[in-house]
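Notes follow the structure.
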Amino acid sequence: MSTATNTDWQTRPTPETAQDWIARAAEVAAVLATDAAERDRAGATPYAEVQLLKDSGLVTLLGPTEHGGAGQDWPTAYRVVREVAKADGSIGQLLGYHYLWFWAARLVGTREQWEHVEAEASRGRWFFGGAVNPRDKDVVVTEDGDDLVYTGRKSFSTGSKVSDVTVLEGVLEGTDSHVFAIVPSDSEGLTFHDDWDNIGQRLTESGGATLDRVRTPWTNAAGYVDKVFQPRIYNTLNVPTIQLVFVNFYLGIAGGALETAAIYTREKSRSWLHGGFDRAVDEPYVIDVYGDLIAKLWAAEALADAVAAEGQLLHDDPDAVTEKTRGDFEVRVAAVKARATDIALEISNRIFEVTGARSTATSEGLDRFWRNVRTHTLHDPVAYKRREVGRWVLEGELPEPTWYS
Numbered sequence: 003m004s005t006a007t008n009t010d011w012q013t014r015p016t017p018e019t020a021q022d023w024i025a026r027a028a029e030v031a032a033v034l035a036t037d038a039a040e041r042d043r044a045g046a047t048p049y050a051e052v053q054l055l056k057d058s059g060l061v062t063l064l065g066p067t068e069h070g071g072a073g074q075d076w077p078t079a080y081r082v083v084r085e086v087a088k089a090d091g092s093i094g095q096l097l098g099y100h101y102l103w104f105w106a107a108r109l110v111g112t113r114e115q116w117e118h119v120e121a122e123a124s125r126g127r128w129f130f131g132g133a134v135n136p137r138d139k140d141v142v143v144t145e146d147g148d149d150l151v152y153t154g155r156k157s158f159s160t161g162s163k164v165s166d167v168t169v170l171e172g173v174l175e176g177t178d179s180h181v182f183a184i185v186p187s188d189s190e191g192l193t194f195h196d197d198w199d200n201i202g203q204r205l206t207e208s209g210g211a212t213l214d215r216v217r218t219p220w221t222n223a224a225g226y227v228d229k230v231f232q233p234r235i236y237n238t239l240n241v242p243t244i245q246l247v248f249v250n251f252y253l254g255i256a257g258g259a260l261e262t263a264a265i266y267t268r269e270k271s272r273s274w275l276h277g278g279f280d281r282a283v284d285e286p287y288v289i290d291v292y293g294d295l296i297a298k299l300w301a302a303e304a305l306a307d308a309v310a311a312e313g314q315l316l317h318d319d320p321d322a323v324t325e326k327t328r329g330d331f332e333v334r335v336a337a338v339k340a341r342a343t344d345i346a347l348e349i350s351n352r353i354f355e356v357t358g359a360r361s362t363a364t365s366e367g368l369d370r371f372w373r374n375v376r377t378h379t380l381h382d383p384v385a386y387k388r389r390e391v392g393r394w395v396l397e398g399e400l401p402e403p404t405w406y407s
């Protein structure tokens with residue numbers, strides 16, 4: 003991979019504003035784009051790609067400035083994810099999940115816990131992974147003196163082999179209580195498997211993980227004080243927050259597909275021999291398709307940005323979050339998730355209509371955009387997102403907080 007060296011990034015001024023950080027993300031994307039198709043075909047563990055995210059400073063975007071972080075907000079993080087995903091959907095997903103797990107301590111933990119985690123993670127430029135799959139119920143947490151012991155298996159653990167730390171989740175034995183804790187990814191008993199073999203998002207290292215008596219002190223149990231969890235409604239913002247991560251790397255992949263296809267159309271596509279035009283870019287139906295697709299993308303991006311701004315109001319005052327403000331926000335997220343899913347699938351499919359038969363060559367790699375979107379949009383059924391919106395419109399019903407709503 004042709005990445006910029008550490009010196010290249012360190013000699014540049016550190017971005018200060020949100021727009022500066024989005025521009026930095028575009029620089030990172032430009033590096034990733036140089037060999038994105040080749041890396042997708044190779045499917046190698048993305049150590050260099052994650053190092054690029056660290057060297058560029060993007061991993062500390064949400065961290066406190068006093069500890070080396072950028073001090074930015076969620077709307078900026080979403081835009082950064084979108085930019086990176088234009089070049090490489092897998093790396094966009096990894097970065098988006100990293101932001102979620104970085105923020106998880108603030109979501110669930112006590113002030114003392116999240117201040118410690120954010121400071122250490124920012125100073126050390128930690129990259130986060132997460133062995134948290136709610137459909138797996140076989141991780142049991144037991145007590146052993148002052149320690150918690152995690153035992154079981156998770157089907158998915160995005161970021162596993164490239165992470166410095168991993169967020170664990172399991173159910174405390176004999177209770178219904180879920181316990182989250184952050185542990186070093188090289189912890190004894192934590193094994194990541196090379197069993198991620200899907201058609202898309204190939205570089206996300208989303209294989210399974212086995213937890214064989216992974217130990218961590220009780221004091222690391224996020225949000226627990228004297229072994230009792232301290233609940234807040236803010237704790238339930240995990241789903242709308244990560245669903246907006248999904249939205250933005252879907253839209254990023256769609257934007258990348260359009261940009262890549264347009265270059266192909268300008269430089270390689272041949273006009274139809276019976277169309278009466280010398281250049282493909284002059285054919286009316288080609289022009290119409292590009293105009294249609296970019297208009298749909300811009301509309302979805304505008305909605306995504308508006309919903310992100312609404313969510314930031316909740317993040318700004320966590321103790322003021324109510325069931326209603328949380329529920330209304332989840333409905334808006336569900337709406338944009340449904341739109342982004344449909345639009346990203348449409349764009350990544352229809353680009354072939356305006357690039358031509360030769361664009362399906364494996365060497366071009368245009369198929370990776372559709373494969374990436376199709377793979378991750380199956381994460382949870384989009385019909386249930388539309389249901390949330392429909393029930394809210396018809397009955398004023400707020401979505402019940404679950405692992406998926």
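Residue 407, in the numbering used here, is where the sequence shown stops; the numbers in between run on with no holes. Don't be surprised by glycine CBs; every beta carbon is placed ideally from N, CA and C. Only a predicted model underlies this, so the values are computations on that prediction, with no experimental measurement involved.
For H118, the three-state secondary structure derived from DSSP is helix. In the DSSP assignment, H381 forms no beta bridge with any residue.
Restricting attention to beta strand (DSSP E) runs no shorter than 3 residues, the region 177–233 encloses them at 180–186, 192–194, 211–219, ordered along the chain.
Here the region 76–88 makes contact with the region 246–265; the two share three or more CB pairs at distances below 8 angstroms.
Three or more Cβ pairs closer than 8 angstroms define a contact, and the region 261–268 falls short of that threshold against the region 93–105.
Runs of beta strand (DSSP E) with 3 or more residues, each lying fully within the region 323–361, are absent. A direct Cα-Cα distance of roughly 5 angstroms separates S187 from D166. Excluding the 5 residues flanking it on each side, G191 has same chain C-beta neighbours closer than 7 angstroms at L213, D214, R215, V216, in chain order. Secondary structure remark: continuous alpha helix (DSSP H) runs of at least 4 residues inside the region 100–165, in chain order: 113–126. Here DSSP, grouped into helix, strand and coil, assigns E171 to strand. When T16, A183, E29, R43 are compared, the shortest CA-CA separation from N200 is found for R43. Taking a 10 Å sphere around the C-beta of E18, we find fewer than 16 other C-beta atoms and assign the residue as exposed.
Counting along the chain, I289 sits inside the alpha helix (DSSP H) bounded by residues 286–318.
Cβ atoms of A223 and V185 stay farther apart than 8 angstroms, at about 11 angstroms. DSSP places L64 in the coil class of the three-state scheme, outside both helix and strand. H195 and G161 have their alpha carbons spaced roughly 12 angstroms apart. Pairing V169 with A133 gives a Cβ-Cβ distance under 8 angstroms. In its chain, beyond the 5 residues on either side, L60, V82, E85, V86 have a beta carbon closer than 7 angstroms to the beta carbon of A27.
In the three-state reduction of the DSSP assignment, R81 falls in the helix class.
Assigned with DSSP and collapsed to three states, S271 falls in coil, not helix or strand.
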